[in-house]
Amino acid sequence: MTANRHWIARACAAVFAIALLYPFTAFFVHVGAWQWGQDVRRPALASIRVSLLLTTVAMAIIVVLGTPVAAYIARCRTRERLIWQALLLVPILLPPLALGILMTLAFGPYGSLGSLLERYGIVMTNSATAFVTTQVYVGMGYYVLGAVAALDAVPSMLQKQAALLGLTPMKVFLRVTLPLARLGLAVALSIAWVRAIGEFGAVVVTAYYPSGMPVQLWVNLQSFGLPAVMPLLVVFLAVALPLPWLIHVLAQRQRRHA
Amino acid sequence: MLKAKIIKKRRELEVNVTLQLGPGESLGLFGASGAGKSTVLACIAGIEEPDDGYVALGDCKFFPPSLPLHRRPVGYLTQEPGLFPHLTVGENICFGISKRMANDKEQVAWIETLRDRLQLASLWHASASLISGGQARRVSLARMLARKPALVLLDEPFTGLDRQLVRELIDDLVSWNQTLGFSMIAVDHQVEVLKRLCPQRAIVLEHGKIAQSGTWEEIRSAPATPLLRSLLAPL
């Protein structure tokens with residue numbers, strides 16, 4: 012590629028990146044003085060606490076349940092793997108609002124499982140349990156599909172060599188597969204994190220209370236208008252974006268050094 | 036005693052090989068590319084599963100049914116060193132050593148012997164992902180021998196290495212073959228390498244079948260096929 016063509020390509024990429032980041036110029040649009048009074052601050056801080064705490068719980072559940080499933084799918088033959096991957100795509104492809112409605116009906120007091128759980132004191136609508144369950148459903152598919160790709164990228168010959176050196180399959184997984192796939196798994200988890208913490212459509216139906224950040228943004232917009240939304244929006248971006256962004260950068264660095 | 040009959044169908048090749056090997060013996064598998072040499076080794080190691088046949092090392096039955104890899108007392112060395120890139124050289128070499136074995140004085144002495152003979156002391160704490168190809172082969176050899184396997188399988192492990200290093204590695208392997216008493220099967224394209232590594236006898240494969248077997252002298256003096264005569268001819 013000549014130097015001129017290289018610069019043209021670089022300029023096109025820069026225009027593309029600027030177009031992608033253009034919505035962030037909204038922070039400089041005059042919407043009036045930002046509101047951070049007591050009536051805005053208290054629910055906003057509560058929503059930050061809810062989002063961070065419950066999304067962390069949801070991610071722990073996703074990792075504990077999703078990693079063994081991903082390890083199983085990564086070992087499946089092509090046809091079986093396609094079936095599992097197609098199933099995992101269902102909650103991803105479903106419109107969030109539709110997922111929320113389905114979950115409310117299935118887990119709510121009108122569903123057989125929901126009424127059974129309620130008998131044991133587990134309320135599956137407008138509760139922390141409902142919030143976490145919804146986030147698990149929203150993020151699980153992203154994590155497992157990403158984790159399958161990460162585990163696939165570990166050379167099978169290394170795993171076989173480890174087995175020939177006397178390691179049981181579980182030890183091979185813990186000492187070879189998992190360490191070599193760790194950044195891929197972290198990327199998968201960060202995508203699930205972003206997807207879950209930013210989920211509005213499904214959560215607003217299943218768990219309007221306790222309100223997480225996206226729901227609180229909507230409440231602020233409805234109740235006070237844009238000036239009350241902007242401060243929480245800044246906090247939301249500061250909380251949700253750095254972790255996946257950092258992991259993605261680290262993963263790219265590792266790939267370059269490999 | 037290793038007793039193996041490997042039957043494995045490939046797309047354009049059916050491997051059908053029977054071989055026996057006593058403790059401490061070495062055997063060279065020779066033939067053109069695609070003759071099925073690597074398939075035989077992979078089936079004995081368990082990397083691939085034969086379609087039919089049997090593999091047994093003494094009382095230990097590898098196939099059928101397929102014995103899990105971690106229960107096979109086999110060392111398997113290929114063209115790719117296959118080091119664990121997230122570990123150091125020392126951790127790679129001690130990878131297959133259990134905590135109980137690691138405290139055994141004899142085992143410690145053996146690891147030190149491997150480290151010194153293969154000149155790995157200065158690399159011990161280096162990351163396995165940052166060492167050269169030749170160094171990686173030496174680490175890979177040390178890692179394989181650290182557990183003192185009863186059977187050693189070598190699939191062109193010296194490809195791409197300089198002659199001096201190949202000579203040193205072969206001398207070490209032959210010496211350990213005699214002192215440790217493991218059985219050894221080696222595959223290589225270069226007849227000189229195989230003769231030096233496995234001086235006792237060889238099997239020549241063509242299209243997945245045994246074309247000739249015997250001592251190197253017998254094979255060289257009366258090659259059984261025109262292809263073998265061509266492979267043995269000097270460049």
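Protein sequences appear in the order of chains U and L. Residue numbering for the first sequence follows this note's numbering, starting at 12 and increasing by one per position. Residue numbering for the second sequence follows this note's numbering, starting at 36 and increasing by one per position. Beta carbons: idealized from backbone N, C-alpha and C, even for Gly.
In this structure, does DSSP put L/Val109 in helix, strand or coil? L/Val109 falls in the strand class under three-state DSSP.
Tell me the DSSP secondary structure of L/Gln199 in three-state form. L/Gln199 falls in the helix class under three-state DSSP.
Using only the alpha-carbon positions, how far apart do U/Leu248 and L/Met179 sit? Approximately 51 Å between the Cα atoms of the pair.
Would L/Glu191 count as contacting chain U if we go by Cβ distances under 8 Å? At least 8 Å separates the CB of L/Glu191 from every CB of chain U.
7 Å Cβ cut-off: residues of chain L touching U/Pro190: Those within 7 Å of U/Pro190 in chain L are His121.
Is U/Leu200 close to the ligand SAH? I mean its beta-carbon at under 7 Å from any heavy atom of the ligand. Ligands displayed in this structure: none; no statement on the ligand SAH is therefore possible.
Grab the span of the alpha helix (DSSP H) containing U/Val149 for me, first residue to last. Where U/Val149 is concerned, the enclosing alpha helix (DSSP H) starts and stops at Ala139 to Asp163.
List, in order along the chain, the chain L residues whose C-beta lies closer than 7 Å to that of U/Met168? Within 7 Å Cβ-Cβ: Glu115 and Gly117.
For the alpha helix (DSSP H) containing U/Val26, list its first residue and its last residue. Unbroken alpha helix (DSSP H) run through U/Val26: Ala14 to Leu32.
Would you mind giving the Cβ-Cβ distance between L/Ala185 and L/Leu112, rounded to the nearest angstrom? I have them listed as a contact below 8 Å. Rounded, the Cβ-Cβ distance is 15 Å, inconsistent with contact.
Could you tell me the boundaries of the alpha helix (DSSP H) in which U/Glu91 lies? Counting along the chain, the alpha helix (DSSP H) containing U/Glu91 begins and ends at Thr89 to Leu104.
Using a cut-off of 8 Å between C-beta atoms, extract the partners of U/Val187 located in chain L. For U/Val187, the chain L residues whose Cβ falls inside 8 Å of its Cβ are Phe119, in order along the chain.
How about U/Ala160 and U/Gly195: are their beta carbons less than 8 Å apart? Here U/Ala160 is near U/Gly195, since their CB atoms are less than 8 Å apart.
Test: L/Leu76 CB closer than 8 Å to a CB of chain U: Output row for L/Leu76: interface = no.
Can you check which of these residues, L/Gln170, L/Val124, L/Pro120 and L/Ala80, is closest to L/Arg106 by C-alpha distance? Considering only alpha carbons, the answer is L/Ala80.
Could you tell me whether the stretch 229-239 of chain U touches the stretch 49-64 of chain L, using the rule of 3 or more Cβ pairs below 8 Å? Output reads no: the stretch 49-64 of chain L does not touch the stretch 229-239 of chain U.
Candidates U/Thr78, U/Ala141 and U/Ala81: which alpha carbon is nearest U/Gly119's? Closest by C-alpha distance to U/Gly119, out of U/Thr78, U/Ala141 and U/Ala81, is U/Ala141.
Rounded to a whole number of angstroms, what is the C-alpha to C-alpha distance between U/Val101 and U/Leu156? Between U/Val101 and U/Leu156, the C-alpha separation is close to 12 Å.
Sorted by chain position, which residues of the same chain lie with C-beta nearer than 6 Å to U/Tyr153's C-beta, five sequence neighbours on each side aside? Contacts found: Ile202, Ala203 and Arg206.
For L/Arg236, report the span of its beta strand (DSSP E) as first-last. Annotation: the continuous beta strand (DSSP E) that includes L/Arg236 extends over Arg236 to Glu241.
In the DSSP assignment, the beta strand (DSSP E) including L/Val50 goes from what residue to what residue? Glu49 to Leu56 is the extent of the beta strand (DSSP E) around L/Val50.
Distance, U/Leu63 Cα to L/Val109 Cα: Between L/Val109 and U/Leu63, the C-alpha separation is close to 50 Å.
As assigned by DSSP and simplified to three states, the class of U/Ile208: Residue state, collapsed to three classes: helix.
The stretch 122-136 of chain U touching the stretch 160-171 of chain U, judged by at least three CB pairs closer than 8 Å: The stretch 122-136 of chain U, when compared against the stretch 160-171 of chain U, does not touch it at the 8 Å Cβ threshold.
Out of L/Glu60, L/Val143, L/Ser101 and L/Leu158, which has the shortest C-alpha to C-alpha gap to L/Asn212? If we check each option's Cα against that of L/Asn212, L/Glu60 comes out closest.
For L/Phe65, count neighbouring C-beta atoms within 10 Å of its own C-beta (all shown protein chains included) and say buried if the count is 16 or more, exposed if not. That one is buried.
Endpoints, the alpha helix (DSSP H) within which L/Asp139 is located: Per DSSP, L/Asp139 belongs to no alpha helix (DSSP H) and is neither H nor E.
Classify L/Asp87 as helix, strand or coil using the three-state DSSP reduction. In this structure, DSSP gives L/Asp87 an extended state, which the three-state scheme calls strand.
Tell me L/Cys95's beta-bridge partners as DSSP assigns them. Looking at the DSSP output, L/Cys95 bridges to L/Leu92.
Excluding sequence positions up to five away, which residues of its chain have a Cβ less than 7 Å from the Cβ of U/Leu124? So the list reads Ala117 and Phe118, once near-sequence residues are dropped.
Below 8 Å on C-beta distance, what does L/Gly63 contact in chain U? Taking a Cβ-Cβ cut-off of 8 Å, L/Gly63 has no neighbours in chain U, whose nearest Cβ is about 22 Å from it.
Note down the Cα distance separating L/Arg182 from L/Lys230, rounded to an integer number of angstroms. The alpha-carbon atoms of L/Arg182 and L/Lys230 are separated by roughly 26 Å.
Which residues of the stretch 78-94 of chain U have a Cβ closer than 8 Å to any Cβ of chain L? Give them in chain order. The residues in question: there are none.
List the residues of chain U whose Cβ lies closer than 8 Å to the Cβ of L/Tyr111, in chain order. Per Cβ cutoff of 8 Å: Gln172 and Leu175.
Among L/Gln114, L/Gly69, L/Arg202 and L/Glu84, whose alpha-carbon lies nearest the alpha-carbon of L/Lys40? Of L/Gln114, L/Gly69, L/Arg202 and L/Glu84, the residue nearest in Cα terms is L/Glu84.
Burial state of U/Lys171, where buried means 16 or more other Cβ atoms lie within 10 Å: For U/Lys171, the number of other beta carbons within 10 angstroms of its own is at least 16, and it is reported as buried.
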